[in-house]
Every structure is written in C-alpha cells, then in structure tokens.
Amino acid sequence: LPSIDKEEITMAEDYLNKLYALPKKASNEKLQRSSSMSMRLKEMQEFFGLKITGTLNEETLNVMKKPRCGVPDVAA
Amino acid sequence: YSVFPGNYKWKKHDLTYRIENYTPDMSVAEVDDSIQRALQVWADVSPLRFTRIYSGVADIMISFAVGDHGDGYPFDGPNGFLAHAFPPFDGIGGDAHFDDDETFAFKSYNGYNLFLVAAHEFGHSLGLEHSQDPGALMYPNYVHRDVDTFSLPQDDVNGIQFLYGPNPDV
Numbered sequence: 026l027p028s029i030d031k032e033e034i035t036m037a038e039d040y041l042n043k044l045y046a047l048p049k050k051a052s053n054e055k056l057q058r059s060s061s062m063s064m065r066l067k068e069m070q071e072f073f074g075l076k077i078t079g080t081l082n083e084e085t086l087n088v089m090k091k092p093r094c095g096v097p098d099v100a101a
Numbered sequence: 077y078s079v080f081p082g083n084y085k086w087k088k089h090d091l092t093y094r095i096e097n098y099t100p101d102m103s104v105a106e107v108d109d110s111i112q113r114a115l116q117v118w119a120d121v122s123p124l125r126f127t128r129i130y131s132g133v134a135d136i137m138i139s140f141a142v143g144d145h146g147d148g149y150p151f152d153g154p155n156g157f158l159a160h161a162f163p164p165f166d167g168i169g170g171d172a173h174f175d176d177d178e179t180f181a182f183k184s185y186n187g188y189n190l191f192l193v194a195a196h197e198f199g200h201s202l203g204l205e206h207s208q209d210p211g212a213l214m215y216p217n218y219v220h221r222d223v224d225t226f227s228l229p230q231d232d233v234n235g236i237q238f239l240y241g242p243n244p245d246v
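Structure below.
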C-alpha cells in the first residue's frame with residue numbers, strides 16, 4: 026500500500042477499534058490483529074456500500090476521514 | 077433504519093431534557109433553539125414529548141465536553157468524532173455529549189450545524205442505531221443540509237415509528 030502512510034494506518038486501526046470493536050487481545054496478537062482488521066474492514070466497507078476488499082484503500086480511507094458521530098456502527 | 081439490539085426504548089412518552097452547559101461557539105439562545113428544534117423533529121412524527129428542566133437529572137442530559145470526559149468514550153479533538161449519545165436506559169442512557177473541540181454553528185456554514193448534529197444524536201437517545209441509508213439523518217457521517225427546509229427523512233420516520241408508533245395528534 027505505497028500511497029497509504031503509517032499515520033493513516035494508525036488512524037484506520039483507531040477508527041475500526043472504536044466503531045467496529047476490533048479485538049485488542051489475542052493469543053497470537055499480530056496474526057489476530059491482522060485478521061480482525063481485515064474482518065472489521067469488510068464490515069465497515071459493507072456498511073458504507075464500498076467495494077468489499079478487507080484491505081485498506083483510498084476509497085475506504087476517504088470515508089474514515091469524514092466527520093461523524095462517535096457511536097459504533099456495529100455493536101461489539 | 078436500524079435499532080439497538082436488545083430493544084432499547086423508553087417505556088414512557090413524556091421525556092425530560094436538561095442542557096448542562098454551553099459551547100462558546102454560539103449564543104445561549106442559539107443553543108437552546110437548536111436543541112429544542114432537534115428534539116421537535118422526533119416529536120413531530122411520534123408520540124414522544126419533551127419538557128426542559130433546569131435542575132436535577134433529566135432523561136436526556138446534554139453537555140459539551142472535550143477529550144476524556146469520564147464516560148469511557150473520549151473525544152478526539154477537532155473533526156473526527158463530533159458527538160455521541162447513549163441509547164435509552166437508566167443513568168447515562170439517553171444522554172448526549174458534544175465535542176467542544178469542534179466549531180458548532182447556528183446557521184452559517186462555518187462549522188458543524190448544531191441542530192443537525194443534535195437531531196442525529198437524539199435519534200440515538202431515543203433508540204435508533206446508525207442507518208446505512210446515505211440520505212437518512214441517522215447515517216453516521218455528517219452531511220450539511222439546509223436547516224430552514226429540513227424535514228425528517230422517511231427512513232428515520234420509519235425507524236422512530238417502529239419503536240414508538242406515529243404522532244397521535246396528526
């Protein structure tokens with residue numbers, strides 16, 4: 026993802042963590058974090074009617090950057 | 077539309093609200109008017125009625141706060157998250173919090189229109205979750221609308237009437 030910088034990835038993780046209940050703890054934390062991120066991304070992309078890829082892309086980031094309500098879209 | 081899982085709704089139709097503090101972005105009268113109109117959009121299409129109180133605990137406590145304000149859901153500074161509200165239940169349920177790091181506006185386009193943000197949040201206060209309909213008031217992203225001609229979108233009308241029924245006075 027050459028066009029997406031580290032700061033945007035952190036922002037995206039924070040967005041998914043707050044609004045799509047990204048689990049913080051897992052036995053294999055790195056692997057679980059990666060698969061959870063993909064799963065939550067798919068949920069988020071589906072919610073907003075975006076192309077469902079499970080990966081962070083410009084279209085998804087643009088939606089994440091819009092001002093919004095802080096109530097989760099998908100309950101934990 | 078969507079409702080919170082677990083059938084969160086008020087078991088009464090007469091609800092109270094209290095404005096605990098004010099944003100410096102607008103006059104007191106402008107905040108009062110924005111909040112009153114934001115509640116009225118829901119009252120217009122449902123049996124719910126709202127009465128303002130000036131002391132004690134209201135069903136819907138309304139406040140402006142920044143950063144970590146003690147509810148476990150800290151605000152994030154300018155832009156990003158503008159506000160949040162809790163579904164109907166005892167205690168903090170129904171309460172609406174607005175991020176005072178934002179610039180709120182009464183009529184101008186220089187800021188987030190408080191009436192629109194508040195009307196959305198009060199949807200949560202009454203039991204509605206976010207809608208996937210981009211035209212709905214309960215869509216999660218902020219969309220500026222002409223507040224002088226605003227009428228509650230049909231998706232939101234359907235949602236509130238699913239929970240409480242129609243306005244018996246209409």
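Protein chains in written order, with our numbering: chain A, 26 to 101; chain B, 77 to 246. Idealized CB from N, CA, C, for every residue including glycine. Here the structure is a predicted model, which is why all the values come from computation and not from measurement.
- Three or more beta-carbon pairs drawn from the segment 178–195 of chain B and the segment 102–111 of chain B are found closer than 8 Å, and the two stretches are therefore classed as touching.
- Beta-bridge partners of Phe126 (chain B) (DSSP): B:Leu91.
- The contact set of Lys91 (chain A) on chain B, defined by CB atoms closer than 8 Å, consists of Asn217 and Tyr218 in chain order.
- Of all residues in the segment 144–162 of chain B, only Tyr149, Asn155, Gly156, Phe157, Leu158, Ala159, His160 and Ala161 come within less than 7 Å of chain A when Cβ atoms are compared, listed by chain position.
- Residue contact with chain B for Asp98 (chain A): present (Cβ-Cβ distance below 8 Å to some residue of chain B).
- According to the DSSP assignment, Ile138 (chain B) belongs to the beta strand (DSSP E) that extends over Ile136 to Ala141.
- Linking Gly235 (chain B) to Leu204 (chain B) through their CA atoms gives a straight-line distance of about 7 Å.
- Put simply, the backbone Cα of Val219 (chain B) is about 13 Å away from that of Ala194 (chain B).
- If the five residues before and after Phe80 (chain B) are omitted, its C-beta is found closer than 7 Å to the C-beta atoms of Pro163, Gly203 and Glu205, all from its own chain and listed in chain order.
- In the DSSP assignment, His200 (chain B) falls within the alpha helix (DSSP H) that extends over Leu190 to Leu202.
- Collapsing the DSSP output to three states places Phe72 (chain A) in a helix.
- The beta-carbon separation of Lys85 (chain B) and Tyr240 (chain B), rounded to 7 Å, stays under the 8 Å limit for a contact.
- In the three-state DSSP reduction, Asn155 (chain B) falls in the coil class, being neither helix nor strand.
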